[in-house]
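Down below is the structure, laid out as structure tokens.
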Amino acid sequence: MMAGSLENWVKQGKTAPEGLRRAMEVLRETDFGSMPTGRLELDGDGMYAIVSESVTRSPEEALGEAHGVYADVHYVLKGTERMGFALRADGASVKQNLLETEDAVLYDKLEEESCLYLNQGMYAVFLPGEIHRPGMYLEAPAPLRKVVVKIHRDRLNS
405 MMAGSLENWV KQGKTAPEGL RRAMEVLRET DFGSMPTGRL ELDGDGMYAI VSESVTRSPE
465 EALGEAHGVY ADVHYVLKGT ERMGFALRAD GASVKQNLLE TEDAVLYDKL EEESCLYLNQ
525 GMYAVFLPGE IHRPGMYLEA PAPLRKVVVK IHRDRLNS
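405 is the number of the first residue of the sequence shown in the numbering used here; add one for each residue after it.
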């Protein structure tokens, strides 16, 4: 897991895997703020983006997730998001295993969870297998517009 601001990525990302550098370049060069919600093809199933609008949820309502094939780059376009993450799956309670159909394992309880607070212009990267719980509010439900760039694990280093 890594997090930061897109503004500082130019300095911080020089040693990142090629696929992640490409994803950040797409975030810097694309006006996702004016795009409709939905999926945007970038490199077929190798890399694509999902633009979404939602209202942030309470920690009790938000589910954790981990992916087997795709890395996620969560980028906040408008609003603020609290995002949980767990470094280990020990003690995590699996709610639903959708790896075969949706590349996701959903968790309803995470042990030893830490939190990130993402404001507009900030990102969080989760590699395949890293558990994260996006979409939570800080103090009260609020609108959130974000984009998630999905990078296939085979494209991370190519």
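All C-beta atoms in this analysis are idealised placements derived from N, C-alpha and C, irrespective of residue type, glycine included. Values in this document were obtained by computation on a predicted structure and should not be read as measured data.
Exercise. Which class does ASN412 belong to by DSSP, given the choice of helix, strand or coil?
Worked result: helix
- Leaving out the 5 sequence neighbours to the left and right, which residues in its chain are closer than 7 Å to GLU411 when beta-carbon positions are compared? For GLU411, same chain residues with a beta-carbon under 7 Å away, outside a window of 5 residues either side, are GLY525 in chain order.
What is the DSSP secondary structure of LEU431, reduced to helix, strand or coil?
-> helix
- Item | Reduced DSSP category for HIS442 - H, G, I as helix; E, B as strand; rest coil | The question names His, but residue 442 is Gly in the sequence shown. Under the three-state reduction of DSSP output, GLY442 falls in the strand class.
Is GLY533 closer than 9 Å to ALA470 when the C-beta atoms are compared? yes
By the DSSP assignment, the alpha helix (DSSP H) with GLU504 in it spans what residues?
It spans 503 to 506 - the alpha helix (DSSP H) in which GLU504 sits, taken as one unbroken run.
Under 9 Å between C-beta atoms of LYS554 and VAL455: no
Could you check which residue in LEU431, GLY468 and SER409 has the C-alpha nearest to that of TYR452? LEU431
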